[in-house]
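A.B. asks: Numbering (our numbering), first residue to last: 4 to 215.
Note that beta-carbon positions come from the ideal geometry of N, C-alpha and C, so glycine has one too.
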């Protein structure tokens with residue numbers, strides 16, 4: 004009887020993948036890391052009604068702006084003109100596709116579902132297939148990535164405080180990124196269907212954009 008090397012190779016690959024998955028789950032449990040299913044079962048990502056407020060998440064958005072400032076090595080306000088401050092697009096894209104979007108402010112620009120177009124908010128949870136955002140109207144919305152194009156922005160200048168920067172008064176309201184000088188990008192959901200943790204170690208290949 005002739006053996007089928009292709010079938011054996013496929014079966015071996017599946018066994019190896021299963022072993023690797025089990026080993027990863029075991030390592031997570033040992034390290035005390037909560038898995039997705041356990042997090043869902045415990046309601047980790049569920050917000051109480053009194054917690055569903057846009058203003059409560061602005062500090063998290065501010066942390067994300069600081070994260071972007073360091074990731075993209077943004078210049079300090081006043082040190083460069085707008086043209087000089089604009090970073091090279093190619094270098095930014097390579098970093099942004101692997102960035103964590105929890106805390107970012109995004110908007111749906113295009114979607115096959117017209118009810119989603121125009122919705123915007125701060126990302127409170129990202130999964131492989133969707134962004135969960137809190138809107139300025141204090142409502143939670145689930146925005147599917149599939150067949151959607153999102154807009155998001157990063158600050159043009161660093162938001163991190165330098166030693167010489169005066170600290171704003173406590174009563175001064177904190178701004179979101181679209182209320183300051185910023186750079187806008189488009190994010191194609193069909194090409195972004197990965198969890199943030201998975202994107203960090205993934206090699207992205209350029210793909211043609213397909214119209215919705």
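Looking at the unbroken alpha helix (DSSP H) that takes in residue 107, where does it start and where does it end?
C.D. replies: From DSSP, residue 107 is part of no alpha helix (DSSP H); its letter is neither H nor E.
A.B. asks: By Cβ distance below 7 Å, which residues in the same chain neighbour residue 202 in space, the five residues on each side in sequence not counted?
C.D. replies: Hits under 7 Å: 100 and 101.
A.B. asks: Classify residue 12: buried if its beta carbon has 16 or more other beta carbons within 10 angstroms, exposed otherwise.
C.D. replies: With fewer than 16 other Cβ atoms within 10 Å, it is exposed.
A.B. asks: For residue 97, which of helix, strand or coil comes out of DSSP?
C.D. replies: Residue 97: helix per DSSP, three-state reduction.
A.B. asks: How would you call residue 117, buried or exposed, if buried means at least 16 neighbouring beta carbons within 10 angstroms?
C.D. replies: Its Cβ having fewer than 16 others within 10 Å, residue 117 is exposed.
A.B. asks: Which residue from 190, 186 and 26 puts its Cα closest to that of residue 111?
C.D. replies: Checking every option, the nearest Cα to that of residue 111 belongs to 190.
A.B. asks: Quick check: what's the CA-CA separation for residue 84 versus residue 90?
C.D. replies: Approximately 12 Å between the Cα atoms of the pair.
A.B. asks: With a CB to CB cut of under 6 Å and the five nearest residues on each side skipped, what residues in its chain are close to residue 114?
C.D. replies: Answer for residue 114: 120 and 151, listed in chain order.
A.B. asks: If contact is defined by three or more beta carbon pairs under 8 Å, each pair taking one atom from either stretch, is the stretch 136-143 in contact with the stretch 153-160?
C.D. replies: The stretch 153-160 is not in contact with the stretch 136-143.
A.B. asks: Can you grab the Cα-Cα spacing for the pair residue 68 / residue 109, in whole Å?
C.D. replies: C-alpha separation (whole angstroms): 13 Å.
A.B. asks: On the premise that residue 136 lies in contact with residue 105, defined as a C-beta separation below 8 Å, what is that separation, rounded to the nearest angstrom?
C.D. replies: With 8 Å as the limit, residue 105 and residue 136 do not qualify as a contact, their Cβ atoms being about 11 Å apart.
A.B. asks: Between the C-alpha atoms of residue 72 and residue 14, what's the straight-line distance to the nearest angstrom?
C.D. replies: Cα to Cα, the separation comes out at about 46 Å.
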